[in-house]
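Novice:
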Amino acid sequence: MGRTKEPDEVFCEACGKAIKERAELCPHCGVRNAGDAAAVGSSHNPVNYETTVGPSWYYAIAVPTLFTIPSFVLFSQQSSAQTTGLSFVFIFAFLASVFAPIIGAYFDRQYVRANSTWDPSLAWQVALFFLYPGNVVIAAFYLYRRHEVLGEP
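Sequential numbering from 9 applies to the sequence shown in the numbering used here.
#1: Can you round the beta-carbon distance between Pro128 and Thr76 to whole angstroms, since I take them to be within the 8 Å contact cut?
#2: Spatial neighbours of Ser124 within its chain, please: CB distance less than 7 Å, with the 5 preceding and 5 following residues excluded, ordered by chain position.
#3: Which residues in the same chain have their Cβ closer than 6 Å to the Cβ of Lys25, if we skip the five residues on either side of it in sequence?
#4: Restricting to Cα atoms, I'd like to know which of Leu151, Asn143 and Phe19 is closest to Val120.
#5: Among Thr73, Phe115, Trp65 and Ala104, which residue has its Cα nearest to the Cα of Ile146?
#6: Give me, in chain order, the residues of the same chain whose beta-carbon lies closer than 8 Å to that of His52; leave out the 5 immediate sequence neighbours on both sides.
#7: Cα separation between Leu130 and Val106?
#8: Quick one: does the C-beta of Pro78 sit closer than 6 Å to a heavy atom of the ligand SAH?
#9: Less than 7 Å between C-beta atoms, sequence neighbours within five positions excluded: which residues of the same chain meet that for Thr136?
#10: Name the two residues that bound the continuous alpha helix (DSSP H) containing Glu156.
#11: Could you give the residue range of the alpha helix (DSSP H) that holds Ala70?
Rendered as structure tokens:
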């Protein structure tokens with residue numbers, strides 16, 4: 009015999025029993041269901057995401073972003089008369105300020121998706137890469153939004 013439900017019910021994702029569509033928790037097994045997210049209008053439910061990524065990846069966005077403008081200015085003002093060692097330092101600082109936020113955004117996005125109702129799009133990473141040195145503003149907005157939804161830095 010098949011499962012039956014009323015028009016205002018859905019099946020629990022964990023135990024399969026019929027529950028009210030707007031129920032946040034299944035009264036049978038206690039598992040949080042996507043019905044509450046659908047009722048609010050959000051298509052993202054953090055219960056559907058798992059991650060082993062820790063909460064500290066935002067440092068990989070924040071710290072290099074702080075050095076973006078100084079490294080951009082120093083790299084652009086460097087003359088050919090400067091030593092090779094100093095050139096290497098400027099190039100390394102420039103590349104780190106470009107690529108570290110992209111890698112940090114990739115991993116931090118996984119953490120944010122699994123721990124909040126905000127689902128940052130891949131466009132954040134693309135913007136951090138292609139809009140250099142404007143990525144400072146993008147990173148600042150991303151970190152502000154992250155703090156807003158998670159309540160942590």
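The beta-carbon is built from N, C-alpha and C at its ideal position, and this holds for glycine as well.
Specialist: Straight from the coordinates:
#1: Actually they are not in contact, since the Cβ atoms of Pro128 and Thr76 sit about 20 Å apart, beyond 8 Å.
#2: The beta carbon of Ser124 is closer than 7 Å to those of Pro54, Val157 and Leu158 in its chain, skipping five residues each way along the sequence.
#3: His36
#4: Leu151
#5: Thr73
#6: Ala45, Arg121, Thr125, Trp126 and Asp127
#7: Note on geometry: alpha-carbon atoms of Leu130 and Val106 lie some 17 Å from one another.
#8: Judged by which ligands are present, the structure shown has none, so any question about the ligand SAH falls away.
#9: Residue 136 is actually Leu in this sequence, not Thr. Once the five neighbours on either side are set aside, the close Cβ partners of Leu136 are Pro109, Ile110, Ala113, Asn143, Ile146 and Ala147.
#10: Asn143 to Leu158
#11: Tyr67 to Leu74
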